[in-house]
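S.K.: The following block contains the structure, expressed as structure tokens.
Right under this line is the structure:
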């Protein structure tokens, strides 16, 4: 277990390094921040001065090396727009993102998993078909379409809820709903197929033939064995939600990490984009580490492969 | 002696939807098609036949794991149904099953000891004996050493896994044990050990067994009686000695001739190997008359149209074949 988690952690660090390096290079190759921020018809001297003051005239590898050293010192650079520290801008937008992500994730789990289990236990019944129809619809509907549809119905036509902004609970309802429909649909599908696979296994029949109550067969034998793929999907989903729902935050003008990243990319505000990407990467990688740890709980084969058993 | 298990005219049909025949509606697969048999207390009945002949369906029907289309199963004088109520669950402790593939029959998340303890926790909620202690003594009885108790299924060998499955089935001291091809997934070297273990335990626990197998050598070794199945029907049945030494049905004779038994003298009329023609027919389209006739070397016009009736040809020996008199006397006269 320890060795397993150690190797996972090392791999996680490597992943973070690669993502940071990739983002750094691509951002500098894909457009000149001086042009974007000072506008294209600024005098050449001003552009040169801007480049020099931000260190953009140095060779790429030198810029990257300096950037890495700064990260280790805890210095993530400042916004090219207003000079405020980049990481502070990102951290400030996290509460808004969490205000959407946490309720959406909880609702995904609370709706998606039970719906999937229920559908699997009543396979091919009308209730299964109903759940799966909703799931396919929720899965395939893009979030910007769903988001706009919800705005059209609940904000424009009915006038019950605000169409966007970040003030009270009522502002969060539509974005959370948008995130929940897609997420719960995906979880329901994976839960159902994972459950169906496990329910067809001989040890399930064996457990029933031992005289175990069917509800107990499901709780003791089927669910724990079906949990692994569900944990994987839920983990990916959580990482994605923490990274900020780019589309949903944009549709509902919600000042979270996702919208900050989109506007920073548009402005070529390099330090802010890099800080946001670093945070998103770290949260994704951390979620994956947690998922790996949960795997060990559910699957004794992983525990044993770490050498803890001998 | 009373029959512990008695099966009368048991049928189980599955409806299968053909890909091309959707216009003609659903087809019916007769997995088990009118089986009558009984097993006396303490006896072992072997059911043999090719794969797909309905052996495993028989096992599930006998235990009430799936409902029968028609016919009855009686266990200890009481009907066995597939209705999963309290009585059904309570009856599980008297009838248990050993599975073909031990790895998939075990929950991979539970240790060997936990697997064997579970049945006791289900049925002996207020028992005086500690479930774990009873489980451990049963595990030792099936030849599992103490150091294996805390292992997970993937850390055990095939033979050890099957011993865990066996201990799990026997820990409740059932009176009927159904073994569905219990050794076909094991290495040849381990097969003999498991078979010997089964014979020993049968004696110690006075088990009644239904032993499903396609391995005639094992059946000869372990069974008191044998029933030969072909396409959901029993075509020959009797004491193991009678059926295996004086087979009356051409199909049984072909099965026996296919087994190479070094040193054993062949008692069939001609000891040359009888090769069956073709594959077993599609069980959805069972041939008319005697269902074996397309593959039978001796088939006559009568076999193609008339279904043979079950005829008693000896004390504890029945056969369903139009030609049984010819074959049986032919082989009998030379032994």
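Protein chains in written order, with this note's numbering: chain A, -6 to 303; chain B, 2 to 336.
Think of the CB as a built atom: it goes at the ideal place given N, C-alpha and C, for glycine as much as any other residue.
State yes or no: is the beta carbon of residue 124 (chain B) nearer than 8 angstroms to at least one beta carbon in chain A?
M.R.: On the second chain, residue 124 (chain B) is found 123 positions in, with the first residue counted as 1. Answer yes: the Cβ-Cβ gap between residue 124 (chain B) and chain A drops below 8 angstroms somewhere.
S.K.: Which residues of chain A have a Cβ atom closer than 8 angstroms to the Cβ of residue 250 (chain B), listed in chain order?
M.R.: To locate residue 250 (chain B), count along the second chain from 1; it is residue 249. By Cβ distance, chain A contributes nothing, its closest Cβ being about 32 angstroms from residue 250 (chain B), past 8 angstroms.
S.K.: Please report the distance separating the alpha-carbon of residue 23 (chain A) from that of residue 6 (chain A).
M.R.: Here residue 23 (chain A) corresponds to residue number 30 of the first chain, with the count starting at 1. Here residue 6 (chain A) corresponds to residue number 13 of the first chain, with the count starting at 1. Going by the C-alpha atoms only, they are around 26 angstroms apart.
S.K.: Taking all protein chains shown into account, do 16 or more other C-beta atoms lie within 10 angstroms of the C-beta of residue 46 (chain A), making it buried, or fewer, making it exposed?
M.R.: Counting from one through the first chain, the residue named residue 46 (chain A) turns up at place 53. Flag for residue 46 (chain A) reads exposed.
S.K.: Can residue 236 (chain B) and residue 310 (chain B) be called in contact, C-beta distance under 8 angstroms?
M.R.: Taking the first residue of the second chain as 1, we reach residue 236 (chain B) at position 235. Taking the first residue of the second chain as 1, we reach residue 310 (chain B) at position 309. Cβ distance not < 8 angstroms, so residue 236 (chain B) and residue 310 (chain B) don't count as in contact.
S.K.: Please state whether DSSP places residue 298 (chain B) in a helix, a strand or coil.
M.R.: Within the second chain, the letter at position 297 stands for residue 298 (chain B). Of the three classes helix, strand and coil, the one that applies to residue 298 (chain B) here is coil, per DSSP.
S.K.: Within 10 angstroms of its Cβ, does residue 204 (chain B) collect 16 or more other Cβ (buried), or is it exposed?
M.R.: Here the question's residue 204 (chain B) lines up with position 203 in the second chain. That one is exposed.
S.K.: What did DSSP end up calling residue 228 (chain B) once you bin it into helix, strand or coil?
M.R.: For this step, residue 228 (chain B) is matched to residue 227 along the second chain. Looking at residue 228 (chain B) - three-state DSSP - the assignment turns out to be strand.
S.K.: Who are the near neighbours of residue 281 (chain A) in its chain, counting only those whose CB is closer than 6 angstroms to its CB and skipping five residues on each side?
M.R.: Walking along the first chain from the start, residue 281 (chain A) turns up at place 288. None.
S.K.: Near residue 234 (chain B), which residues of its chain fall below 6 angstroms by C-beta distance, leaving aside the five closest residues on each side in sequence?
M.R.: The count along the second chain starts at 1 and reaches residue 234 (chain B) at position 233. 34, listed in sequence order.
S.K.: Please classify residue 49 (chain B): does DSSP put it in a helix, a strand, or coil?
M.R.: Here residue 49 (chain B) corresponds to residue number 48 of the second chain, with the count starting at 1. Here residue 49 (chain B) sits in strand by DSSP.
S.K.: Determine the extent of the alpha helix (DSSP H) in which residue 63 (chain A) is found, giving its start and end residues.
M.R.: Residue numbering aside, residue 63 (chain A) sits at position 70 when the first chain is read from its first letter. Segment 53 to 65, the alpha helix (DSSP H) holding residue 63 (chain A).
S.K.: Determine the extent of the beta strand (DSSP E) in which residue 193 (chain A) is found, giving its start and end residues.
M.R.: Stepping through the first chain from its first residue, residue 193 (chain A) is reached at position 200. That residue, residue 193 (chain A), is in no beta strand (DSSP E); it is neither H nor E in DSSP.
S.K.: Could you please give the first and the last residue of the uninterrupted alpha helix (DSSP H) stretch that includes residue 242 (chain B)?
M.R.: Mapped onto the second chain, residue 242 (chain B) falls at position 241. Start and end: 241 to 246.
S.K.: Can you find a C-beta in chain A that's less than 8 angstroms from the C-beta of residue 66 (chain B)?
M.R.: For the purposes of this step, residue 66 (chain B) is taken as the residue at position 65 of the second chain. True, the Cβ-Cβ gap to chain A drops below 8 angstroms.
S.K.: Which whole-angstrom value is the C-beta distance of residue 1 (chain B) and residue 63 (chain B), which I expect to be below 8 angstroms?
M.R.: Examination of residue 1 (chain B) is not possible in this model, given that chain B is present from 2 through 336 alone.
S.K.: Residues of chain B with CB under 8 angstroms from residue 219 (chain A), in chain order?
M.R.: On the first chain, position 226 is the one that residue 219 (chain A) refers to. Within chain B, no residue comes near residue 219 (chain A); the closest Cβ sits about 11 angstroms away, beyond 8 angstroms.
S.K.: Using a beta-carbon distance below 8 angstroms, is residue 234 (chain B) in contact with chain A?
M.R.: Taking the second chain and counting its residues from 1, one reaches residue 234 (chain B) at position 233. Cβ-Cβ to chain A under 8 angstroms: no for residue 234 (chain B).
S.K.: Go ahead and label residue 242 (chain A) buried or exposed: buried means 16 or more other beta carbons lie within 10 angstroms of its beta carbon, across all protein chains shown.
M.R.: Translated into positions along the first chain, residue 242 (chain A) becomes position 249. Classification of residue 242 (chain A): buried, given that the 10 Å Cβ count is 16 or more.
S.K.: State yes or no: is the C-beta of residue 240 (chain B) nearer than 7 angstroms to some heavy atom of the ligand NAP?
M.R.: As far as ligands go, the structure on display features none, and thus does not contain the ligand NAP.
S.K.: DSSP on residue 33 (chain B), reduced to helix/strand/coil?
M.R.: Locating residue 33 (chain B) in the second chain gives position 32, where the first residue counts as 1. Correct three-state label for residue 33 (chain B): strand.
S.K.: Give the secondary structure of residue 267 (chain B) by DSSP, where H, G and I count as helix, E and B as strand, and everything else as coil.
M.R.: On the second chain, position 266 is the one that residue 267 (chain B) refers to. Only weak support is given to the placement of residue 267 (chain B): the predicted model assigns it a pLDDT of 49, under 50, and the value that follows is read from those uncertain coordinates. Three-state result, residue 267 (chain B): coil.
S.K.: Name the chain B residues whose beta carbon is nearer than 8 angstroms to that of residue 205 (chain A)?
M.R.: As a first step, residue 205 (chain A) must be located in the first chain, where it is residue number 212. Neighbours of residue 205 (chain A) on chain B, chain order: 90, 119, 123.
S.K.: Nearest-angstrom Cα distance between residue 89 (chain B) and residue 56 (chain B)?
M.R.: By one-based count along the second chain, residue 89 (chain B) stands at place 88. By one-based count along the second chain, residue 56 (chain B) stands at place 55. Spanning the two alpha carbons is a distance of roughly 22 angstroms.
S.K.: Following the continuous beta strand (DSSP E) through residue 72 (chain B), name the residue where it begins and the one where it ends.
M.R.: Taking the second chain and counting its residues from 1, one reaches residue 72 (chain B) at position 71. Run containing residue 72 (chain B): 71 to 76, per the beta strand (DSSP E) assignment.
S.K.: With a threshold of 8 angstroms between beta-carbons, can residue 135 (chain B) be considered close to chain A, or not?
M.R.: To locate residue 135 (chain B), count along the second chain from 1; it is residue 134. For residue 135 (chain B), the answer is no, since every Cβ of chain A falls outside 8 angstroms of its Cβ.
S.K.: Quick check on residue 267 (chain A): buried or exposed, where buried means 16 or more other Cβ atoms within 10 Å of its Cβ?
M.R.: Here residue 267 (chain A) refers to the residue found at position 274 of the first chain. Residue 267 (chain A) comes out buried.
S.K.: Using the Cα positions of residue 144 (chain A) and residue 167 (chain A), report the straight-line distance between them to the nearest angstrom.
M.R.: Translated into the one-based positions of the first chain, residue 144 (chain A) becomes position 151. Translated into the one-based positions of the first chain, residue 167 (chain A) becomes position 174. Answer to the nearest angstrom: the Cα atoms are 7 angstroms apart.
S.K.: Residues bridged to residue 80 (chain B) by DSSP?
M.R.: Working through the second chain from its first residue, we reach residue 80 (chain B) at position 79. B:75, per the DSSP bridge assignment.
S.K.: Check for me: the beta strand (DSSP E) holding residue 319 (chain B) runs from which residue to which?
M.R.: The residue given as residue 319 (chain B) occupies position 318 in the second chain. First-last of the beta strand (DSSP E) with residue 319 (chain B): 318 to 321.
S.K.: Check the Cβ-Cβ distances between residue 196 (chain A) and every residue of chain B, and say whether any is below 8 angstroms.
M.R.: The residue labelled residue 196 (chain A) in the question sits at position 203 within the first chain. So yes, residue 196 (chain A) belongs to the interface.
S.K.: Nearest chain B C-beta to residue 199 (chain A) closer than 8 angstroms, yes or no?
M.R.: As a position in the first chain, residue 199 (chain A) is number 206, starting the count at 1. By this cut-off, residue 199 (chain A) is an interface position.
S.K.: Counting only Cβ pairs nearer than 8 angstroms, list the residues of chain A close to residue 255 (chain B).
M.R.: Walking along the second chain from the start, residue 255 (chain B) turns up at place 254. Chain A residues near residue 255 (chain B): none, gap ~31 angstroms exceeds 8 angstroms.
S.K.: In chain A, what lies closer than 9 angstroms to residue 142 (chain B) by C-beta?
M.R.: Translated into the one-based positions of the second chain, residue 142 (chain B) becomes position 141. Simply none; closest approach about 18 angstroms.
S.K.: Since residue 204 (chain B) is in the alpha helix (DSSP H), which residue starts that stretch and which ends it?
M.R.: Here residue 204 (chain B) refers to the residue found at position 203 of the second chain. Taken as a continuous stretch (DSSP letters only), the alpha helix (DSSP H) holding residue 204 (chain B) covers 189 to 205.
S.K.: Within the 8 angstroms Cβ cut-off, does residue 69 (chain B) reach chain A?
M.R.: As a first step, residue 69 (chain B) must be located in the second chain, where it is residue number 68. Residue 69 (chain B) does not count as touching chain A.
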